[in-house]
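Q: Here it is, the structure in full.
Take a look at the structure:
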């Protein structure tokens, strides 16, 4: 049975952010994730989790200048010190919120830029982050993202992500398998889940192609949930989608899983 975490960045946008925790709990979610916590005090977020009986599943390390279009800095040459400072801040928040996974975004690479140089920086930063996170029992996760949603994103394929993790060789470095992104770039979801499950640290879902509820679009999520269960995955599955209308009104697809959680 999937353990569903509501993504509070994309879901429950009918409410102010700090009120989304209560809304998610009211609909039966026991876990939440979001992109970034840094505009809020960790104590305020922790109190919302505790008041509503929620577990923090995941959030992202600082991504650089998000408003200016940056989408991570882990692979960007010359930004290593900034990456390390940001990741240390993420560890401080994780210590307060209790999550055991941190997502590190790779960043963008422009046409004509040296991919090998970016990859070298990426591996070194990931190795550093994995070492920094290990004493707290935290996993670092990296996510392949489709280039339709984020043109120029450095990491796009599941096999590339798994190869990077293998090359770094840290036990706490895993892949964040976003089914939405994988379907757009590669497809063949069930086979890739089976091939890579040992290296998957977090799963996310959304309908394809429009990133609405998982029951809208081309994927058969009840079948995929059964496959994920059969493969022994017991981690969180983040619902990282944009509700087509109201968040609560669109949760019919989730009721069999929330009711039995």
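In my numbering, the protein residues as written are 19 to 279.
All C-beta atoms in this analysis are idealised placements derived from N, C-alpha and C, irrespective of residue type, glycine included.
In this text, all values refer to a predicted model and were calculated from it rather than measured experimentally.
Secondary structure at residue 51, three-state DSSP: helix, strand or coil?
A: strand
Q: At what residues does the beta strand (DSSP E) containing residue 21 begin and finish?
A: 21-25
Q: Is the segment 142-162 touching the segment 190-206, taking contact as three or more C-beta pairs under 8 Å?
A: yes
Q: Taking the straight line between their C-alpha atoms, what separation do you get for residue 88 and residue 136?
A: Taking the straight line joining both Cα atoms gives about 15 Å.
Q: Mapping DSSP to helix, strand and coil, what is residue 129?
A: coil
Q: Who are residue 76's beta bridge partners in DSSP?
A: 51
Q: Looking only at its chain, what residues have a beta carbon closer than 7 Å to the beta carbon of residue 231, apart from the 5 residues adjacent to it on each side?
A: 225, 259, 261, 262, 268 and 271
Q: Going by other Cβ atoms of all chains shown within 10 Å of its Cβ, with 16 needed for buried, is residue 95 buried or exposed?
A: exposed
Q: Can you tell me which residues form a DSSP beta bridge with residue 60?
A: Bridge partners of residue 60: none, in fact.
Q: Quick test of your reading: residue 78 and residue 121, contact by CB under 8 Å. State the CB separation rounded to the nearest angstrom.
A: 5 Å
Q: Assuming contact is defined by CB atoms lying nearer than 8 Å, are residue 30 and residue 41 in contact in what I supplied?
A: yes
Q: Flag this pair as yes or no: are the beta carbons of residue 175 and residue 202 separated by less than 8 Å?
A: no
Q: Which residue marks the beginning of the beta strand (DSSP E) containing residue 33, and which one marks its end?
A: Neither: residue 33 is in no beta strand (DSSP E) and is coded neither H nor E.
Q: If contacts are defined as beta-carbon pairs under 8 Å, then residue 22 and residue 275 qualify, I think. What distance do you get, rounded to the angstrom?
A: 6 Å
Q: According to DSSP, is residue 91 helix, strand or coil?
A: coil
Q: Could you spell out the range, first to last residue, of the alpha helix (DSSP H) harbouring residue 113?
A: 98-115
Q: In three-state terms, what does DSSP make of residue 134?
A: helix
Q: Per DSSP, residue 193 is paired with what?
A: Answer by DSSP bridge pairing, in chain order: 160 and 218.
Q: According to DSSP, is residue 71 helix, strand or coil?
A: coil
Q: Using three-state DSSP, classify residue 146 as helix, strand or coil.
A: In the structure shown, residue 146 sits in a helix (DSSP, three-state: H, G or I).
Q: By Cβ distance, which residues of its chain are closer than 7 Å to residue 180, with the 5 residues on each side in sequence left out?
A: 193, 214 and 217
Q: Could you check if residue 196 is buried or exposed, using at least 16 other CB atoms within 10 Å of its CB as the buried criterion?
A: buried
Q: Do you know offhand how far residue 113's Cα is from residue 154's?
A: 8 Å
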